[in-house]
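**Q**
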Amino acid sequence: MHTGGRLVAGSHNRNEFVLINADENGRIKSVRELSGQICQICGDEIEITVDGEPFVACNECAFPVCRPCYEYERREGNQACPQCKTRYKRIKGSPRVEGDEEEDDTDDLDNEFDYGDIDALGPQPMSESLYSGRPNTGRGANNGSGLATNLEHGSSALNSDIPLLTYGEEDPEISSDRHALIVPPYVNHGSRVHPMPYTDPSIPLQPRPMVPKKDIAVYGYGSVAWKDRMEDWKKRQSDKLQVVKHEGSNDGNFGDDFEDPDLPMMDEGRQPLSRKLPIPSSKINPYRMIIILRLVVLGLFFHYRILHPVNDAYGLWLTSVICEIWFAVSWIMDQFPKWYPIQRETYLDRLSLRYEKEGKPSELSSVDVFVSTVDPMKEPPLITANTVLSILAVDYPVDKVACYVSDDGAAMLTFEALSETSEFARRWVPFCKKYNIEPRAPEWYFGQKMDYLKNKVHPAFVRERRAMKRDYEEFKVRINSLVATAQKVPEDGWTMQDGTPWPGNNVRDHPGMIQVFLGQDGVRDVEGNELPRLVYVSREKRPGFDHHKKAGAMNALVRASAIITNAPYLLNVDCDHYINNSKALREAMCFMMDPQLGKKVCYVQFPQRFDGIDRHDRYSNRNVVFFDINMKGLDGIQGPIYVGTGCVFRRYALYGYDAPAKKKPPSKTCNCWPKWCCLCCGSRKKKNANSKKEKKRKVKHSEASKQIHALENIEAGNEGTNNEKTSNLTQTKLEKRFGQSPVFVASTLLDDGGVPHGVSPASLLKEAIQVISCGYEDKTEWGKEVGWIYGSVTEDILTGFKMHCHGWRSVYCIPKRPAFKGSAPINLSDRLHQVLRWALGSVEIFFSRHCPIWYGYGGGLKLLERFSYINSVVYPWTSLPLLVYCTLPAICLLTGKFIVPEVCLYLFVCQ
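All residue numbers for the sequence shown refer to full-length UniProt numbering, where the first residue is 1 and numbers rise by one.
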């Protein structure tokens, strides 16, 4: 039983039950009140009225407010309910205030002590006269000697026929022989409980503790000195969870009149960080009805086509029917994943309230950003530099961001361009953050046709903007000069400033290279602030090794970043996709760091938006149907597919682990039939068989998790022969999975990221070079179960598909301002080459072991999600039946045979 922090006293034989308050400002409540509501203003419990019901201040919305706060609001505030803004009406027992309505009946306060003609009431027993109203002990002259004398009679003066009272009123729900006496506290601590003897309050009581040396705090919560400890506890809680109130009165429960910082308001920081916005039924239901109608038409069409073959042209008829069935199945695979489209909305202010408390370090998770490039002649270094600058200037804590640039071509031009970029970033990053400009890629910021003075009020903005534009023009000149110099490669290759040959002169045979440009000690911006880390990585390449193109480069970045920074989240962008919305990382963290949704999210995919597209979009670069319709439909099922760029990953999910299992409520058991019942036995056998299969599947998929837990126990210092055997076994399995780097294996065990403790920077650099070597992945699960999956040039589809098969879900985030923008093909040949590459990748997946038609059953992939993956793999094959079906009319005209039976009409003439 909850006692509200009060000392409980009573006697069952004497029919007494008392809650002795420990605080002079506290309120003693009845037993019924102990499980009541909580006041949303002061946090106290809502008291029970004389009618036995909880106190209700507002009859419109029943917003929980206690009586003291209600009276204070009527006396000092705006006299309105904080939630619905309805004016408070006066409740009996409360003082009048200006503006109250006139009441026809007798005022209960004006006649509180008006008992009328006492003589007319006739003689009353002493006990009844004492308890007919509220006790007034300790209130001056009304508590005269007569009352004290009557109290001295003890329990013998009580009439057993009259029940005890609660707050001076009889509780009808308690029987007369089991009624509780609960006496309220008074100003001078005169909490006298009948039949306790009366003592003169003017005479001080001598303290007589039983254990004088014992601290009263040792007695715990419930002792009479609980107030200070409660205040300390509340202070600690307020430090953990910053309590804030809603801004304004339109969307919150409290108005502008509640400006007292001591009043606890709703903790908005504990609200969900995002929410689903379903498509209005007025828009989606007609679409669903059309799909159903088309299904009915298809059923009738195939019913006619199959039951009416053409015997004269059976081959043509059969070919046409096969093509039509293929088209129908493809249409179904494309339409049904769109059945549950949703949109999402994020709350960046709640993210800041939860993880960025004033005066404390930011608790936002770290993010490693991957930028991949190969040939600087096809991917201009100036475009890559703008992408890097937009990343370094992102609106995120600088110590939580690290940018890794993968140069898979080992080009010295890219290396020198990054060196120039790091120097220009020391001026560009503080300028962006000082004036909050968008976008933060200088090429597109200075090139946009808009009023750049809009919402800019700082007097020095125009001057600094002109200076920054001049600096950027000089930066472009230096980059273009590097590009012009790189056109003519020397016969002996390039050399460094100290005369050392550039290690990447041979693109197909060079060692691994890592260079940290920004982020080390001593390198800061022009204003003395810290900058995000910028790292150049070029993995080792040797003849005779399969390097797996982009997927292999991304896996090398995963390992190198795990050694250097080991952020729990990764952002993957192409070198021509810059960050258009500086809050893009925060948008993703609203899903990843959400306490409820985030645990099962493997990645957050953003739509692709492009610059430089003509008004008519002649090459269909926008892909409106895919990015604005199909992806929203997949988000309502298990999440969108991974499209290769603009995606924030959970590092743990990339390591090939299963999603956290959802706890299911215990199922009902069948105990109503005897054991010999065949029906019940059959159900038991089936249930046992299913449970065995489920256990086998769980053991198979959670093997890696068990290895991690075992290794954690070993590192904690467990000793013994069994632990040593488990250590060797677990270490062997982890090395087979992740490779021979103990530092990297240890980093995979850190749930919150970070570099393993006790490792020197020199050893970290050595390990980072090791993990990007070309032979590191041999006899491991990289590319098979871990990281980006190998086997197709469209590694993005395979990687997302494997994660969904492990039970993870993804999220599609469409912020109001596009998060990323890239460069689209500007001519037909580039567009056809891109489409051909996608089709080739889908064909490779179709013939691989990871084909969604037969792979991943028994895992966590949902049926409609599988339909979408199947459709993305088989769509190139649709060209074959389409080509055949288009040639059928010509064949029919040449042969005189048709694919449909002739329809003969007979006219019956009635004579």
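In this text, a Cβ means the ideal position worked out from N, Cα and C, and glycines have one as well.
Spatial neighbours of residue 915 within its chain, please: C-beta separation below 7 Å, excluding the five flanking residues on both sides.
**A** There is simply no residue 915 to check, as the chain begins at 1 and stops at 911 in what is shown.
**Q** Helix, strand or coil, according to DSSP, for residue 881 in the structure here?
**A** Counted from its first residue, the sequence shown places residue 881 at position 881. Helix.
**Q** Let's test the definition: count the other Cβ atoms within 10 Å of the Cβ of residue 415 and tell me whether it reaches 16, buried, or not, exposed.
**A** Stepping through the sequence shown from its first residue, residue 415 is reached at position 415. With 16 or more Cβ atoms within 10 Å of its Cβ, residue 415 is classed as buried.
**Q** Taking DSSP as the reference, what is the three-state secondary structure of residue 578?
**A** As a working note, residue 578 is residue 578 in the sequence shown. Looking at residue 578 - three-state DSSP - the assignment turns out to be strand.
**Q** With C-beta atoms as the reference, is residue 563 less than 7 Å away from residue 743?
**A** Taking the sequence shown and counting its residues from 1, one reaches residue 563 at position 563. Taking the sequence shown and counting its residues from 1, one reaches residue 743 at position 743. Closer than 7 Å, so yes.
**Q** Taking residue 902 as part of the alpha helix (DSSP H), name the residues at either end of that continuous run.
**A** Within the sequence shown, numbered from 1, the residue matching residue 902 stands at position 902. Looking at the DSSP string, residue 902 is not in any alpha helix (DSSP H), and its letter there is neither H nor E.
**Q** Within this structure, are the beta carbons of residue 901 and residue 308 separated by less than 7 Å?
**A** Residue mapping note: residue 901 aligns to position 901 of the sequence shown, counting from 1. Residue mapping note: residue 308 aligns to position 308 of the sequence shown, counting from 1. In this structure, residue 308 lies closer than 7 Å to residue 901 by Cβ.
**Q** Helix, strand or coil for residue 38 per DSSP?
**A** What you label residue 38 is simply residue 38 of the sequence shown in a count that begins at 1. DSSP places residue 38 in strand when its eight states are reduced to three.
**Q** Distance, Cα to Cα, residue 75 vs residue 52?
**A** Locating residue 75 in the sequence shown gives position 75, counting from the first residue. Locating residue 52 in the sequence shown gives position 52, counting from the first residue. Rounded to whole angstroms, residue 75 to residue 52 spans 26 Å at the Cα level.
**Q** Taking the alpha-carbon positions, what's the residue 381 to residue 438 distance?
**A** As a working mapping, residue 381 is identified with position 381 in the sequence shown. As a working mapping, residue 438 is identified with position 438 in the sequence shown. Rounded to whole angstroms, residue 381 to residue 438 spans 22 Å at the Cα level.
**Q** Whole angstroms are fine: how far does the CA of residue 389 sit from the CA of residue 842?
**A** In the sequence shown, residue 842 corresponds to position 842, counting from 1. In the sequence shown, residue 389 corresponds to position 389, counting from 1. Those two C-alpha atoms are separated by around 34 Å.
**Q** Starting from residue 794, follow its DSSP beta bridges and name the residues at the other end.
**A** As a first step, residue 794 must be located in the sequence shown, where it is residue number 794. In the DSSP output, where bridge partners are listed per residue, residue 794 has none listed.
**Q** Any idea what DSSP makes of residue 876, helix, strand or coil?
**A** Along the sequence shown, one-based indexing puts residue 876 at 876. Residue 876 falls in the helix class under three-state DSSP.
**Q** So with Cβ pairs under 7 Å, would you call residue 621 a contact of chain E?
**A** Structure shown: chain E not included; a single protein chain is present.
**Q** Determine the direct distance from the alpha carbon of residue 273 to that of residue 347, and round the result to whole angstroms.
**A** Looking up residue 347 in the sequence shown gives position 347. Looking up residue 273 in the sequence shown gives position 273. Roughly 5 Å separates the two Cα atoms.
**Q** Using the Cβ count rule (16 or more neighbours within 10 Å means buried), how would you classify residue 853?
**A** Position 853 of the sequence shown holds residue 853. So residue 853 counts as exposed.
**Q** Could you tell me the distance, in whole angstroms, from the CA atom of residue 301 to the CA atom of residue 319?
**A** Translated into the one-based positions of the sequence shown, residue 301 becomes position 301. Translated into the one-based positions of the sequence shown, residue 319 becomes position 319. Spanning the two alpha carbons is a distance of roughly 16 Å.
**Q** Please state if the CB of residue 441 and the CB of residue 417 are separated by a distance shorter than 7 Å.
**A** Sequence index remark: in the sequence shown, residue 417 carries index 417 (1-based). Sequence index remark: in the sequence shown, residue 441 carries index 441 (1-based). Contact: no.
**Q** State the Cα-Cα distance for the pair residue 377 and residue 481, rounded to the nearest angstrom.
**A** Here residue 377 is taken as the residue at index 377 of the sequence shown, counted from 1. Here residue 481 is taken as the residue at index 481 of the sequence shown, counted from 1. Cα to Cα, the separation comes out at about 13 Å.
**Q** If you count every other CB in all the chains shown that lies within 10 Å of the CB of residue 101, and 16 or more means buried, which is it?
**A** Taking the sequence shown and counting its residues from 1, one reaches residue 101 at position 101. Under this definition residue 101 is an exposed residue.
**Q** Between which two residues does the beta strand (DSSP E) carrying residue 558 extend?
**A** Stepping through the sequence shown from its first residue, residue 558 is reached at position 558. Per DSSP, residue 558 belongs to no beta strand (DSSP E); it is in the alpha helix (DSSP H), 549-564.
**Q** Per DSSP, what kind of secondary structure is residue 749 in: helix, strand or coil?
**A** On the sequence shown, residue 749 is found 749 positions in, with the first residue counted as 1. It is coil, neither helix nor strand.
**Q** What residues in its chain sit with their C-beta under 6 Å from that of residue 535, if we drop five residues either side in the sequence?
**A** Here residue 535 refers to the residue found at position 535 of the sequence shown. Closer than 6 Å at Cβ, skipping near neighbours: 404, 516.
**Q** Once you ignore the five residues that flank residue 846 on each side, which residues in its own chain have a CB closer than 6 Å to its CB?
**A** Locating residue 846 in the sequence shown gives position 846, counting from the first residue. Taken in chain order, the residues that qualify are 873.
**Q** Within its chain, find whatever has a CB closer than 6 Å to the CB of residue 113; leave out the 5 residues flanking it on each side and keep chain order.
**A** As a position in the sequence shown, residue 113 is number 113, starting the count at 1. Unreliable placement is indicated for residue 113, whose pLDDT of 47 sits below 50; the coordinate value is still reported in the next sentence. Closer than 6 Å at the Cβ level, and outside the excluded window around residue 113, lies no residue.
**Q** Can you give me the C-alpha to C-alpha distance between residue 374 and residue 83, rounded to a whole angstrom?
**A** As a working mapping, residue 374 is identified with position 374 in the sequence shown. As a working mapping, residue 83 is identified with position 83 in the sequence shown. Approximately 59 Å, taken between the alpha carbons.
**Q** Taking only the alpha-carbon atoms, compute the straight-line gap between residue 633 and residue 626 and give it to the nearest angstrom.
**A** For the purposes of this step, residue 633 is taken as the residue at position 633 of the sequence shown. For the purposes of this step, residue 626 is taken as the residue at position 626 of the sequence shown. Approximately 10 Å, taken between the alpha carbons.
**Q** Could you give the C-beta distance for residue 589 and residue 364, rounded to a whole number, given that I count them as a contact under 8 Å?
**A** On the sequence shown, residue 589 is found 589 positions in, with the first residue counted as 1. On the sequence shown, residue 364 is found 364 positions in, with the first residue counted as 1. About 6 Å; that satisfies the 8 Å criterion.
**Q** Got a sec? Which residues, its chain only, sit under 6 Å from residue 931 by beta carbon, not counting five neighbours each side?
**A** In the structure as shown, the chain begins at 1 and stops at 911. Residue 931 is therefore absent and cannot be evaluated.
**Q** So, is residue 387 buried or exposed, given that buried needs 16 or more other C-beta atoms within 10 angstroms?
**A** As a first step, residue 387 is located in the sequence shown; it is residue number 387 there, counting from the start. So residue 387 counts as buried.
**Q** Ends of the alpha helix (DSSP H) at residue 632?
**A** Stepping through the sequence shown from its first residue, residue 632 is reached at position 632. Residues 631-635.
**Q** Exposed or buried, residue 46, counting other C-beta atoms within 10 Å across all chains shown (16 or more means buried)?
**A** Your numbering for residue 46 matches position 46 in the sequence shown. With 16 or more Cβ atoms within 10 Å of its Cβ, residue 46 is classed as buried.
**Q** Between the segment 765-784 and the segment 526-546, are three or more C-beta pairs nearer than 8 Å?
**A** A contact exists between the segment 765-784 and the segment 526-546.
**Q** For the alpha helix (DSSP H) holding residue 275, just list the boundary residues, first then last.
**A** For this step, residue 275 is matched to residue 275 along the sequence shown. Premise fails: residue 275 lies in the beta strand (DSSP E), 274-278, not in any alpha helix (DSSP H).
**Q** Could you pull out every residue in the same chain whose Cβ sits closer than 7 Å to the Cβ of residue 333, ignoring the five residues on either side in sequence?
**A** If you number the sequence shown from 1, residue 333 lands on position 333. Counting only Cβ-Cβ distances below 7 Å, and skipping sequence neighbours, we find 867, 870, 871.
**Q** Rounded to whole angstroms, what's the CA-CA distance from residue 897 to residue 788? Just pull it up for me.
**A** Walking along the sequence shown from the start, residue 897 turns up at place 897. Walking along the sequence shown from the start, residue 788 turns up at place 788. Each residue's Cα considered, the two are about 53 Å apart.
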